[in-house]
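Comments concern the structure below.
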Amino acid sequence: MASYMILTPPGGRADDERARFVADSFSWGAFLFPALWLLARRRWLFGIAVAVLQILLISASTMSGGLLPALLLHLALALLVALEGPMFIVRRLIARDWTLHAIVPARDLETAEEIYFANVPSTDRTAVVRPVVDWPRQTATNSGPGLGLFEPYGER
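All you need for the numbering used here is the position in the sequence shown, starting with 1, plus 76.
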């Protein structure tokens, strides 16, 4: 069972038909073709970096004794893209001011849509539902290299 993250466009209502449902699960396409999968999702920098790494790993596998390490590194790279690829998409949307409204566990996309739209308030369709998670953004107080690890978050 996958978890679907539901994001709505900037200024959109909770029941917006343009809402994106992103499955937070393993992606076989990203595992088999990591660079192409990233490029198809318009993650240009990551896609080019993965393509260069794959080319380097192929050239390293032709050296004597380099086949097994190159194969293991390629497998690790493919697993990283397959497991974290959907989060690349979510982070890009959030950076473009999309709002994460809900995370719904469901078997498939149709079930996730049914669960989400059944729970959207139907009385006031113009109200924007408060987001579930407010991802940290770059601000004046959160600009250091500490990544917010040592900042107070409501402690006394």
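Glycine included, every Cβ here is placed at the ideal spot set by N, Cα and C.
Here the structure is a predicted model, which means the values were calculated and not measured.
Span separating the alpha-carbon of residue i from that of residue j
i: Met81; j: Val180; result: 6 Å
i: Val126; j: Leu156; result: 11 Å
i: Phe122; j: Gly161; result: 10 Å
i: Leu114; j: Asp100; result: 16 Å
i: Ile191; j: Trp120; result: 34 Å
Residue i, buried or exposed, once every other Cβ within 10 Å from all chains shown has been counted against 16
i: Ile165; result: buried
i: Trp104; result: exposed
Own chain residues within Cβ distance below 6 Å of residue i, not counting five before or after
i: Gly142; result: Ala136
i: Leu169; result: Leu83
Neighbourhood of residue i by C-beta distance below 7 Å, restricted to the same chain and skipping five residues each side
i: Ala188; result: Tyr80, Phe97, Val180, Ala182
When the options are compared against residue i, the one with the closest alpha-carbon
i: Leu185; options: Ala95, Ala106, Ala90; result: Ala95
i: Ala178; options: Ala171, Arg172, Phe193, Arg167; result: Phe193
Beta-carbon gap between residue i and residue j smaller than 8 Å
i: Phe107; j: Ala154; result: yes
i: Ala111; j: Gln130; result: yes
i: Leu159; j: Leu149; result: no
i: Ala116; j: Val196; result: no
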